[in-house]
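These notes are about the structure you will find just below.
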Amino acid sequence: MAANDSIFLHAHEAPGQHSVQRCDVCGQDVPELDASPACPQCGGLLAIIHRAPLDSMGAPVDAAALKHAFSQHCCARPAGHASGVWRFERLVMPTAGAAITSHPEGNTPLMARARVSAWAGCDGLLLKHEGYNPTGSFKDRGMTAGTTQAVRTHATAVACASTGNTSASLASYAAQAGIPGLVFVPAGKVALGKMAQTLAYGATTLLVRGDFDECLRLVQEASRELGIYLLNSINPWRVEGQKTIVLEVLQQLGWDVPDFIVLPAGNLGNTAAFGKALREAHALGLIAKLPRLVSVQAAGAAPFARAFREGFRERHRVQAETIATAIRIGDPASWDRAVRAIRDTNGLVLSVTDDEIIDAKVQIDAAGVGCEPASAASVAGVKQLVRDGIINAGDRVVAVLTGHVLKDPGMLVDLHQERRDFAQANRPVEIEASVAAVAEVIASRSGARA
Ligand code: F0G
Numbered sequence: 341m342a343a344n345d346s347i348f349l350h351a352h353e354a355p356g357q358h359s360v361q362r363c364d365v366c367g368q369d370v371p372e373l374d375a376s377p378a379c380p381q382c383g384g385l386l387a388i389i390h391r392a393p394l395d396s397m398g399a400p401v402d403a404a405a406l407k408h409a410f411s412q413h414c415c416a417r418p419a420g421h422a423s424g425v426w427r428f429e430r431l432v433m434p435t436a437g438a439a440i441t442s443h444p445e446g447n448t449p450l451m452a453r454a455r456v457s458a459w460a461g462c463d464g465l466l467l468k469h470e471g472y473n474p475t476g477s478f479k480d481r482g483m484t485a486g487t488t489q490a491v492r493t494h495a496t497a498v499a500c501a502s503t504g505n506t507s508a509s510l511a512s513y514a515a516q517a518g519i520p521g522l523v524f525v526p527a528g529k530v531a532l533g534k535m536a537q538t539l540a541y542g543a544t545t546l547l548v549r550g551d552f553d554e555c556l557r558l559v560q561e562a563s564r565e566l567g568i569y570l571l572n573s574i575n576p577w578r579v580e581g582q583k584t585i586v587l588e589v590l591q592q593l594g595w596d597v598p599d600f601i602v603l604p605a606g607n608l609g610n611t612a613a614f615g616k617a618l619r620e621a622h623a624l625g626l627i628a629k630l631p632r633l634v635s636v637q638a639a640g641a642a643p644f645a646r647a648f649r650e651g652f653r654e655r656h657r658v659q660a661e662t663i664a665t666a667i668r669i670g671d672p673a674s675w676d677r678a679v680r681a682i683r684d685t686n687g688l689v690l691s692v693t694d695d696e697i698i699d700a701k702v703q704i705d706a707a708g709v710g711c712e713p714a715s716a717a718s719v720a721g722v723k724q725l726v727r728d729g730i731i732n733a734g735d736r737v738v739a740v741l742t743g744h745v746l747k748d749p750g751m752l753v754d755l756h757q758e759r760r761d762f763a764q765a766n767r768p769v770e771i772e773a774s775v776a777a778v779a780e781v782i783a784s785r786s787g788a789r790a
């Protein structure tokens, strides 16, 4: 059993503090405003343990009052609390106060799309589209919390390793906070939209000759030696922010728990955050039961899926390769936390092939919704579980779309314009500037449909 199995602080622990950072491995507590990237005693990952919300008399707040507070918050104090993250401030960073650095973010839609449901074979499928965040991915939820902590600890610079979305998000939030940002990305392996954002927002961008796993090792070392505040998802405050994806889904569903929540998985930070959010929501009585969490990896980057099939007996590392560059990760950092999340929720871990990811993405795109390749892994995973009889057609399933369709325009142009063997390509047609040419194209298209 891990040292850090607490859900909330006990009454006698950490007197006078709302939250502590506690080591997953040795259980050591580190003060809330300590900027260490890991446990100073043993190097284990730190997690935030909050005190369960209390009322003005110091008594625990009951679930109904908490739900009411969450629903009031968004309108009550527009400065920070219009955010879908800071609405849940009490469960994210209760002492953030004026340090909050917010776009705002969150408040993303939960969509039902008949075309996607029919393709996956699940009528009750809902898409939680995190691509509607300010920089186009779910990373903004963790980054608003992480950057706020950087402000609180007077960080002189912030850094991350990234497959592209974290770097775009860090670049944007660091610019807003006025703190220099430094990002480490695998050279030649970052999708065009993400690279463009990172450069535009002004982060110092290091194209590392190596993969994401090497970038992560390097940034950890650099942050330790150069005293730069680390903003990868092993940063415990990033996890706190990302919990709000789940809290917001539950709130949107009237706290009526779905049967499954399905998400793409790479470094496993989000899987860990979802597990923590569900444990806390359950302990507070916000929900009566837990949904089953399903993490979906790309087949070429699936060490966690392999370990799941073996009963999590050992940790695996692979040389990762997949078209879904966001999750091209072979040595996920939040491994143990993700194991706990899957075990606690009677969850599942799957892998889907690049072809299955593309098939799912084509459906999501053609429904007018769109998402980046990695995001489509969640819907491909739903289809696989329906086929295997684990998800029933009538089950209520939330699939998280983690990033916006414009994150990876290069892949789309290649698919629709360049690749000759792609049957579903929507090829653009070059024409002379005449109505006759337009009419010809229309005629040929309607002929093709007839
Ligand atoms: N989907 C997208 C679009 C991502 O960018 C990522 C991770 C994931 C899913 C997987 O989440 O790592 O928490 O399991 N992107 C990171 C990055 C690694 O650097 O942007 P995870």
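So the sequence shown is numbered by our numbering: it starts at 341 and just counts up by one. Glycine residues also receive a C-beta, built at the ideal position from the N, C-alpha and C atoms. This one's a predicted model, so the numbers in the text were calculated from it and none came from an experiment.
{"Item": "8 Å Cβ cutoff met for C379 and L373", "Value": "no"}
{"Item": "Beta-carbon contacts of W595 that lie in its chain and below 8 Å, excluding the five residues immediately before and after", "Value": "K407, L626 and I627"}
{"Item": "DSSP three-state assignment for A501, whether helix, strand or coil", "Value": "strand"}
{"Item": "CA-to-CA distance, H744 to V525, given in whole angstroms", "Value": "19 Å"}
{"Item": "Cβ-Cβ distance between V679 and L571 below 8 Å", "Value": "no"}
{"Item": "Check: G743 C-beta below 7 Å from any heavy atom of the ligand F0G", "Value": "yes"}
{"Item": "Residues near T544 in its chain [Cβ-Cβ closer than 8 Å; skip 5 each side]", "Value": "P520, G521, L522 and V523"}
{"Item": "Those residues which DSSP pairs with M451 across a bridge", "Value": "L467"}
{"Item": "DSSP-derived helix/strand/coil call for D684", "Value": "helix"}
{"Item": "Start and end residues, beta strand (DSSP E) containing V636", "Value": "R632 to A638"}
{"Item": "Rounded distance between the beta-carbons of V636 and L608, thought under 8 Å", "Value": "Not a contact, Cβ separation roughly 12 Å."}
{"Item": "Rounded separation between L587 and E580 - CA only", "Value": "11 Å"}
{"Item": "Residues near T488 by beta carbon distance below 6 Å, same chain, minus five either side", "Value": "A436, A439, I440 and T441"}
{"Item": "Collapsed DSSP secondary structure at I698 in the structure displayed", "Value": "helix"}
{"Item": "Cβ-Cβ distance between F648 and L633 below 8 Å", "Value": "no"}
{"Item": "Reference M483; option with closest CA among L546, Q537, S563 and N575", "Value": "N575"}
{"Item": "Residue environment, V589, which counts as buried when at least 16 other CB atoms sit within 10 Å", "Value": "buried"}
{"Item": "I663 Cβ short of 7 Å to the ligand F0G heavy atom set", "Value": "no"}
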